[in-house]
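Using our numbering, read the sequence shown as starting at 6 and increasing by one per residue. For glycine and all other residues, C-beta sits at the position ideal for the given N, C-alpha and C. Written out below as structure tokens is the structure these notes cover.
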Amino acid sequence: MASLTEDLESDSSEEEWVISDPKQTSKPTHHSPQQKNSTRGRSRPTLSVASFRMARAYLPPSLKPFQPSAASLTNTKLPAPPSTAPLTTALPVQSEISNTSAPVAVVPSSTHISNEELVEICKNMDDACLVNRLVNVYKNVEIYIRIREIETGSVIESRLKDYLHYCDDPCDFILNTLVTLSNYFADNPKNKDLTSKFRRLLASNLCSALAKFLDTPLKQKIEQCKQRLEKQQPQPQQQTEDPNGEVDLISFADDHEEVQNENVDLISFDDVDQDSMQQDTSDDDDYDYKDDDDDDDDEHVITLAEMLGMPADVFDRYTLTRDHQLKLVQMIDTIPSPVVVYYAMDVFNLPALIASGCELEDDGLKLCRSLMKHAYYDEAVATIRKLALFSRFPPDTTADHFFTVGHGMCLPTLYADHPDLQKQLLSFINKQLRFNYAGNLDIVPQKYLKDLFDGTDKTQQLSRLKERKFQKDLVNCGAKIMKELDIQSGDDYYFILLSQRYACLRYILAQRAIQQLEDDDTSIDASSNFNGLIDLVCQDDPVLARLAIKELIDTGDVVAPPYFASLYKQQDFYCRYNALPLNQRLLGVVKGEQLSRHRTQFSRKKPAKPQPESLYRLSPYVKRILVNSETTLLRMKGVLASSTICGLDTEWVPTFAKTGFVKTALMQIASDIDGYVFLVDLKTIFEPENTRLYHLTEEILSRLFQEKTIVKLAFDFSGDLDLLHLSMPSSKDWQIEALVDLKNIKTSDGKPVGGGLAGVVNTFLNVSLNKRQQLSNWEKRPLTEEQIMYGACDAYCLLDIYYVLCQRNHPFVKDLPRSSYLNNSQEHLSPSSLTISKNANSFFQTTPPPLSSFTPSPSLLSSSLHRDPPF
Numbered sequence: 006m007a008s009l010t011e012d013l014e015s016d017s018s019e020e021e022w023v024i025s026d027p028k029q030t031s032k033p034t035h036h037s038p039q040q041k042n043s044t045r046g047r048s049r050p051t052l053s054v055a056s057f058r059m060a061r062a063y064l065p066p067s068l069k070p071f072q073p074s075a076a077s078l079t080n081t082k083l084p085a086p087p088s089t090a091p092l093t094t095a096l097p098v099q100s101e102i103s104n105t106s107a108p109v110a111v112v113p114s115s116t117h118i119s120n121e122e123l124v125e126i127c128k129n130m131d132d133a134c135l136v137n138r139l140v141n142v143y144k145n146v147e148i149y150i151r152i153r154e155i156e157t158g159s160v161i162e163s164r165l166k167d168y169l170h171y172c173d174d175p176c177d178f179i180l181n182t183l184v185t186l187s188n189y190f191a192d193n194p195k196n197k198d199l200t201s202k203f204r205r206l207l208a209s210n211l212c213s214a215l216a217k218f219l220d221t222p223l224k225q226k227i228e229q230c231k232q233r234l235e236k237q238q239p240q241p242q243q244q245t246e247d248p249n250g251e252v253d254l255i256s257f258a259d260d261h262e263e264v265q266n267e268n269v270d271l272i273s274f275d276d277v278d279q280d281s282m283q284q285d286t287s288d289d290d291d292y293d294y295k296d297d298d299d300d301d302d303d304e305h306v307i308t309l310a311e312m313l314g315m316p317a318d319v320f321d322r323y324t325l326t327r328d329h330q331l332k333l334v335q336m337i338d339t340i341p342s343p344v345v346v347y348y349a350m351d352v353f354n355l356p357a358l359i360a361s362g363c364e365l366e367d368d369g370l371k372l373c374r375s376l377m378k379h380a381y382y383d384e385a386v387a388t389i390r391k392l393a394l395f396s397r398f399p400p401d402t403t404a405d406h407f408f409t410v411g412h413g414m415c416l417p418t419l420y421a422d423h424p425d426l427q428k429q430l431l432s433f434i435n436k437q438l439r440f441n442y443a444g445n446l447d448i449v450p451q452k453y454l455k456d457l458f459d460g461t462d463k464t465q466q467l468s469r470l471k472e473r474k475f476q477k478d479l480v481n482c483g484a485k486i487m488k489e490l491d492i493q494s495g496d497d498y499y500f501i502l503l504s505q506r507y508a509c510l511r512y513i514l515a516q517r518a519i520q521q522l523e524d525d526d527t528s529i530d531a532s533s534n535f536n537g538l539i540d541l542v543c544q545d546d547p548v549l550a551r552l553a554i555k556e557l558i559d560t561g562d563v564v565a566p567p568y569f570a571s572l573y574k575q576q577d578f579y580c581r582y583n584a585l586p587l588n589q590r591l592l593g594v595v596k597g598e599q600l601s602r603h604r605t606q607f608s609r610k611k612p613a614k615p616q617p618e619s620l621y622r623l624s625p626y627v628k629r630i631l632v633n634s635e636t637t638l639l640r641m642k643g644v645l646a647s648s649t650i651c652g653l654d655t656e657w658v659p660t661f662a663k664t665g666f667v668k669t670a671l672m673q674i675a676s677d678i679d680g681y682v683f684l685v686d687l688k689t690i691f692e693p694e695n696t697r698l699y700h701l702t703e704e705i706l707s708r709l710f711q712e713k714t715i716v717k718l719a720f721d722f723s724g725d726l727d728l729l730h731l732s733m734p735s736s737k738d739w740q741i742e743a744l745v746d747l748k749n750i751k752t753s754d755g756k757p758v759g760g761g762l763a764g765v766v767n768t769f770l771n772v773s774l775n776k777r778q779q780l781s782n783w784e785k786r787p788l789t790e791e792q793i794m795y796g797a798c799d800a801y802c803l804l805d806i807y808y809v810l811c812q813r814n815h816p817f818v819k820d821l822p823r824s825s826y827l828n829n830s831q832e833h834l835s836p837s838s839l840t841i842s843k844n845a846n847s848f849f850q851t852t853p854p855p856l857s858s859f860t861p862s863p864s865l866l867s868s869s870l871h872r873d874p875p876f
């Protein structure tokens, strides 16, 4: 039994370790056969606490610290310190059962690219990994935008530029990534998430990161270089010292021998050969003399890197070279989407190489044509302008291509700020539109078609000229350029102006036919609103008058053509055109010309209603006053001085029906005093001979809009104010007070009200608002009865809405003063629609509600009744 005990102790002593006190000294153990039977007296190897701390420090932070137990101390060996592994590699995990390590793969995040990943990607210049991570994280445009909103300051390009210095060649890395990105999108055409916009966002991020990296300040470049050099150098193993100040000197026999073999003994007490030292000294002297001779021949230039004590290639990473630019130029032919080259053009300073007059101008032309070939017309226009390649893209041939593919509206941007080129383009468009009026109907004077008939003009018509949509693109493009050049009339571009007016005329006649279909009434009076617009377009222009008669006949109207032929004295044309067969009613010489649709092909905008709807009407006591003289202006001034609440609205002619400057034609002001509605005839007041009326109107309106005690009710009044500022420039200086816009009003349960002012009237007054006269000629005098009624209703209905809101104690009027009109007699109590709406809501009563139901604020009433007159 004693020998068995000795054998067990001897076996365990070979592997046993004891954690000793720091002050305990370790003695080396010498193994020999003679000592095998005397193991009891032999000291065991020990492991100090300091060495154990060092071993634990080398464990990966994601793993639990190694804690030896009493049972395992005799059966395990302390592993060597592991090397730090990248985040994306497998980490060894110490098994609790065995001594084997189980690899665990770290799965990259699907919603974020970590900084550690970016470091590894940049170190390896792994463009495929970067593209894959960008696509997998951002996925599509919508998710990209959401993530960008969350990232804010830590956006991907800002973080990527902080780690590009780990690349051996950051510019080349970004170029390779752009190529990989282009190929990735081209190889996955069925993935609907990989849109061209998504590719543009990712490519822009990469280029933005490189641009920021190239602009890195010098101090930051030095710091980045130091970080990179420190990580490249191996870390020396340091001795650890315990808290008591003692150094851990424990070593293993095997390791000690390796260290002794590898280390070089720098201390030697051998005798030095004096002859060899002298020889070396003489060699050094000779070498120095040779260096001096070389310095005399070639003066050494001290670089910035040498001055800073950095490697010679420290700043190469921050330098854009010609090789990088040439590589980007070559990508025009090699990548599936040349638009990627466009995204990187600025950061690689490509215009300095491929712009007009530069060395590689032909490559710039190739890039523009490649962008057009792949249907990137906006980018092609921007590239042509940036490279100043206008001479390679003349207006006539370029316009032919752009209009044919449906991108004609890019041309105004292409030739912007180049008047000569713009006029050449206008001339081309004008000649193309001329073909639409060169038929045998003699509608257009022959002087505008002379060069076409005599053969002096060899312009070929475009293949799609017969299409109305194509003609519209030509007209819109020409009109936009003419507006930029401030060309409002003239024979040089006659057909552009004529086509613009003709398109407007066709729209008005089409809307007129739809209204007649809905009303089932083709009489002239039933279409008075559109008749005024037709007159606005055709007045004093026989060409447009003949075109109007032609369109009315083509649509199948049998009542309007003779009426307008008589009005514009075009009876001969009416009789001649009406007698022609359909195949001879061609306006131009374009093959396949399209005629306007027949009225039977139009469809209703509104569904037919089984019962007539109740319309908003003014009460009989409402007084409509047309203000166009000094007397009526002074009368309006006196009424407004006593008002508490006013309703405002303005009217003007539709901008599409008039080529010149549009001004406010009418302003409606409804007062809460005695039911007055003033229709201010600004069209008359703005006439040059009415200067006195203009100044008086300007004074009254200025006081009204700036008066704090008068609440001005309006609906979506911002557009009205903008046009009023243009019509009356002094109004820009008004400090507008107490203007309440009902545009954002909500129902009692908090829901928004749709449908414009008509929707608000229907919601709170339970009646419909007739908006038919909205599209009418508000500049024609005298105004029709329908126009006067429409204008008055638009302003006065705001007061009626206000009264109903007060009755309901609606939150919208919580802070508004109550009208002084509420103190007037009950027989004139609004809303005005009480007299006509028998089936309205419960708050509409056949007899006016008591004044107490409005519960006006006494303080507000008193202040409104006894205030100083504002006028």
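Contact check, residue i vs residue j, beta carbons under 8 angstroms
i      : j      : result
Asn435 : Gln476 : no
Leu671 : Leu687 : yes
Thr527 : Gln521 : yes
Leu631 : Leu684 : yes
Ala646 : Tyr801 : no
Pro341 : Leu372 : no
Asp368 : Ile337 : yes
Leu355 : Leu376 : no
Tyr621 : Leu788 : no
Pro607 : Ala531 : The residue asked about is misnamed: residue 607 is Phe in this sequence, not Pro. For Phe607 and Ala531, no; Cβs fall outside 8 angstroms.
Own chain, CB closer than 8 angstroms to residue i, minus 5 neighbours either side, in chain order
i      : result
Lys217 : Glu162, Ser163, Lys166
Trp783 : Glu656, Trp657, Val658, Ala670, Leu671, Lys688, Gln792
Leu454 : Arg439, Tyr442, Ala443
Ala518 : Thr560, Asp562, Arg604, Phe607
N-terminal and C-terminal residue of the alpha helix (DSSP H) that residue i is part of
i      : result
Asp744 : A small correction: the amino acid at residue 744 is Leu; Asp does not occupy that position in the sequence shown. Run containing Leu744: none in the alpha helix (DSSP H); it sits in the beta strand (DSSP E), 744–746.
Cys802 : 790–812
Tyr420 : That residue, Tyr420, is in no alpha helix (DSSP H); it is neither H nor E in DSSP.
Leu552 : 547–559
Tyr582 : 576–583
Ser442 : For clarity, residue 442 is Tyr in the given sequence; the question names Ser instead. Run containing Tyr442: none; DSSP gives neither H nor E here.
Arg3   : This structure leaves residue 3 out entirely; the chain is present only between 6 and 876.
Phe353 : That residue, Phe353, is in no alpha helix (DSSP H); it is neither H nor E in DSSP.
Boundaries (first-last residue) of the beta strand (DSSP E) holding residue i
i      : result
Gln516 : Segment 499–524 is the alpha helix (DSSP H) holding Gln516; no beta strand (DSSP E) there.
Arg629 : 628–632
Thr714 : First-last for Thr714: undefined, no H or E at that position.
Ala675 : 671–676
Leu821 : From DSSP, Leu821 is part of no beta strand (DSSP E); its letter is neither H nor E.
Cys651 : 650–656
Leu684 : 681–685
Residues near residue i by beta carbon distance below 7 angstroms, same chain, minus five either side
i      : result
His603 : Thr560, Gly561
Gln72  : Confidence in Gln72 is poor, its pLDDT being 47 and thus under 50, which makes the residue's placement unreliable; the coordinate value appears in the next sentence. Excluding positions up to five away in sequence, the list is empty.
Ile650 : Asp677, Val716, Leu718, Leu804, Tyr807, Ser824
Thr464 : Lys436
Cβ-based neighbour list, residue i, same chain, cut-off 6 angstroms, excluding 5 preceding and 5 following
i      : result
Leu538 : Ile513, Ala662, Asn782
Cys134 : Ile126
Asp462 : Asp456
Ser736 : Leu729, His730
Anticipated Cβ contact below 8 angstroms, residue i with residue j, distance rounded
i      : j      : result
Leu123 : Cys176 : So it is not a contact: roughly 17 angstroms between Cβ atoms.
Val480 : Ala508 : 6 angstroms
Lys748 : Phe720 : 6 angstroms
Thr664 : Arg506 : 7 angstroms
Cys172 : Arg322 : 7 angstroms
heavy atom of the ligand SAH below 7 angstroms from residue i C-beta
i      : result
Pro222 : The ligand SAH is absent from the structure shown, which contains no ligands of any kind.
With a floor of 3 residues, list each beta strand (DSSP E) that falls wholly inside the segment 119–162, ordered by position along the chain. none
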